[in-house]
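Visitor:
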Amino acid sequence: MVASRACSIFPWLYILLAFAQAAPSYEWKGCENLGKCQLNGYDTPPLVILSFDGFAREYLDRKIVKSLDYLAECGAKAERVFPSFPSKTFPNHYTMVTGLYPESHGIVDNSVFDLQLSSELEKMRTKKGNPYYGGEPIWSVYKRLTGRPAHCFFWIGCPHNNTGYKPDVTLDYNQSLSLDSRIETLLGWLRLPKETRPGLITAYLHQPDDAGHNQKSPKDVDDALVMVDEYMDKLFTAFHKENLLECINLVIVSDHGMQPLNRSVDISGHVKEDGLIVVKGVVTRIHINDT
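Read in order, the letters of the sequence shown correspond to residues -22 to -1, 1 to 269 in mature numbering (1 follows the signal peptide of the UniProt record, and there is no 0).
1. Less than 9 Å between the beta carbons of Val199 and Tyr37, yes or no?
2. DSSP state of Cys52, grouped into three classes?
3. In this structure, does DSSP put Arg263 in helix, strand or coil?
4. Rounded to a whole number of angstroms, what is the C-alpha to C-alpha distance between Gln94 and Ala54?
5. Just the C-alpha distance for Leu157 and Phe214, rounded to the nearest angstrom, thanks.
6. Does the Cβ of Thr180 have 16 or more other Cβ atoms within 10 Å, making it buried, or fewer, making it exposed?
7. Between Val257 and the rest of its own chain, which residues show a CB-CB distance below 8 Å, the 5 nearest in sequence each way excluded?
8. Report buried or exposed for Pro145, applying the criterion of at least 16 other Cβ atoms within 10 angstroms of its Cβ.
9. Which residue spans inside the segment 156 to 216 form an unbroken beta strand (DSSP E) run of at least 3?
10. Measuring alpha carbon to alpha carbon, tell me which residue in Gly107, Asn18, Ser246, Thr163 is nearest Asn139.
11. Looking at the secondary structure, which residues open and close the alpha helix (DSSP H) in which Leu28 lies?
What follows is the structure, given as structure tokens:
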């Protein structure tokens, strides 16, 4: 198995400002109708933030996810963006929605040990992680300033944050939920009447991170990238057929990249773990548990 870790850059960020037009394979691509929304009630375009976990910058060079290339033709593209440290899933997803470094918002790793809050190592995906989430995330700021709905589709922190306003809809994380179901859910939200339609949607997809961490060969990642491209093509085709692409603002991001590792250290042969809490992984931490 090839172990991988998060590298030191956000791999990419694309911003698409409402577009669409037909094409043979990716029928939604094209810039002819950029900014020309034909639907009533979309004077202020909803903002959809979509994250693909662990999408490394070099994945773009494989030319598999063609949807991103087509998006770049009609929107804006950042060559790379540096993440916060540590470049891991939970800290960086919460940094993206708060604008704070992990040291300030409290999610300093996927699992956190803080004796002021718990005598155990707590996983940030569980309810026990609730007290760790600080700062005011974007959905709270949006609701506070506009009074309009905000919906959350698996984004990290949505069910946990204790400050400010919570999203009007927060879906419980379900990694096995089909791509078609995910697309239909997003479509359903954007079809809602103006009064109840979310003006902000934050959505998360776990690939290609899973493939990157567990790959046995580069093909495993390539297969995941094919799935990502299929998902994007299906989603944008559905948006296109309902004339929604011209009526929304879309931001696509990732939290970290991947770097192959050729060496690992098993600390159990060097450190007696009695009385210690050891957080293993690419950013190993050792805490003294003096409780």
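Quick reminder that beta carbons are idealized off the backbone N, C-alpha and C, glycines included. Since the model is a prediction, treat every value here as computed from it, not as a measurement.
Guide: The short version:
1. Numbered from its first residue, the sequence shown carries residue 199 at position 221. Numbered from its first residue, the sequence shown carries residue 37 at position 59. Against a cut-off of 9 Å, the Cβ pair of Tyr37 and Val199 comes out as a contact.
2. Along the sequence shown, one-based indexing puts residue 52 at 74. Here Cys52 sits in helix by DSSP.
3. Taking the first residue of the sequence shown as position 1, residue 263 is located at position 285. Arg263 falls in the strand class under three-state DSSP.
4. Here residue 94 refers to the residue found at position 116 when the sequence shown is read from its first residue. Here residue 54 refers to the residue found at position 76 when the sequence shown is read from its first residue. Distance between the alpha carbons of Gln94 and Ala54 is about 43 Å.
5. For the purposes of this step, residue 157 is identified with residue 179 of the sequence shown, where counting begins at 1. For the purposes of this step, residue 214 is identified with residue 236 of the sequence shown, where counting begins at 1. So the alpha carbons of these two residues sit roughly 13 Å apart.
6. The residue given as residue 180 occupies position 202 in the sequence shown. Flag for Thr180 reads buried.
7. By 1-based counting over the sequence shown, the position of residue 257 is 279. Hits under 8 Å: Asp87, Ser89, Phe91, Leu99, Arg263, Ile264, His265.
8. Here the question's residue 145 lines up with position 167 in the sequence shown. Pro145 should be labelled buried.
9. 178 to 183
10. Mapped onto the sequence shown, residue 139 falls at position 161. Considering only alpha carbons, the answer is Gly107.
11. Within the sequence shown, numbered from 1, the residue matching residue 28 stands at position 50. Per DSSP, Leu28 belongs to no alpha helix (DSSP H); it is in the beta strand (DSSP E), 25 to 30.
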